[in-house]
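Participant: Residue numbers (this note's numbering), protein chains in the order written: chain A, 9 to 108; chain B, 5 to 19. To start, I am sharing the structure in question, which I have written as structure tokens.
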Amino acid sequence: TGSPVPVLSATLVQVVKNANTLGIAIEGGANTRQPLPRIVTIQKGGSAHNCGQLKVGHIILEVNGISLRGREHKDAARIIAEAFKTKEKDHIDFLVVEPR
Amino acid sequence: REKRLTLPPSEITLL
């Protein structure tokens, strides 16, 4: 018998910082209708678009191993912005799931 | 605290 809870397979996507912008728009965060940030736009020419693996609709669970669960929108956006800005890494690791 | 049936929509941030 199957599990009553649908199992979503998470995918680790590495986005190399090869453009001046990350180039994604996100919505959602704790205490909103969309409790985890969801990608709503991917801009051509940005690092995310160049990577080719992030998709509109992906829900972001973690950024560089930092969980976004329970974080409000601004906090999640800040974590992603800082991951792009830091010179300590030449890429960002996104753990994402496809929407149901 | 009042329990809301619908949560508010989120703002959108471009990164």
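Backbone N, C-alpha and C define an ideal beta-carbon position, used for all residues, glycine too.
In the DSSP assignment, find the unbroken beta strand (DSSP E) run with H66/A in it and report its ends.
Facilitator: Position 58 of the first sequence holds residue 66/A. Segment: none, H66/A is in no beta strand (DSSP E) and carries neither H nor E.
Participant: Applying a beta-carbon distance threshold of less than 8 Å, which residues of chain B neighbour Q22/A?
Facilitator: What you label residue 22/A is simply residue 14 of the first sequence in a count that begins at 1. By Cβ distance, chain B contributes nothing, its closest Cβ being about 17 Å from Q22/A, past 8 Å.
Participant: Skipping 5 residues on each side, what residues in its chain have a beta carbon closer than 6 Å to that of A56/A?
Facilitator: In the first sequence, residue 56/A corresponds to position 48, counting from 1. Closer than 6 Å at the Cβ level, and outside the excluded window around A56/A, lie V23, L30, G31, I32, I50 and L62.
Participant: Does the separation of the CB atoms of K97/A and A89/A fall below 9 Å?
Facilitator: Translated into the one-based positions of the first sequence, residue 97/A becomes position 89. Translated into the one-based positions of the first sequence, residue 89/A becomes position 81. No; because the gap between Cβ atoms is not below 9 Å, this pair is not in contact.
Participant: Taking the continuous alpha helix (DSSP H) assigned at A27/A, which residues delimit it?
Facilitator: Here residue 27/A refers to the residue found at position 19 of the first sequence. Element bounds for A27/A: n/a, residue is neither H nor E.
Participant: Mind checking G60/A: buried by the 16 CB within 10 Å criterion, or exposed?
Facilitator: Taking the first residue of the first sequence as 1, we reach residue 60/A at position 52. By the 10 Å Cβ count, G60/A comes out exposed.
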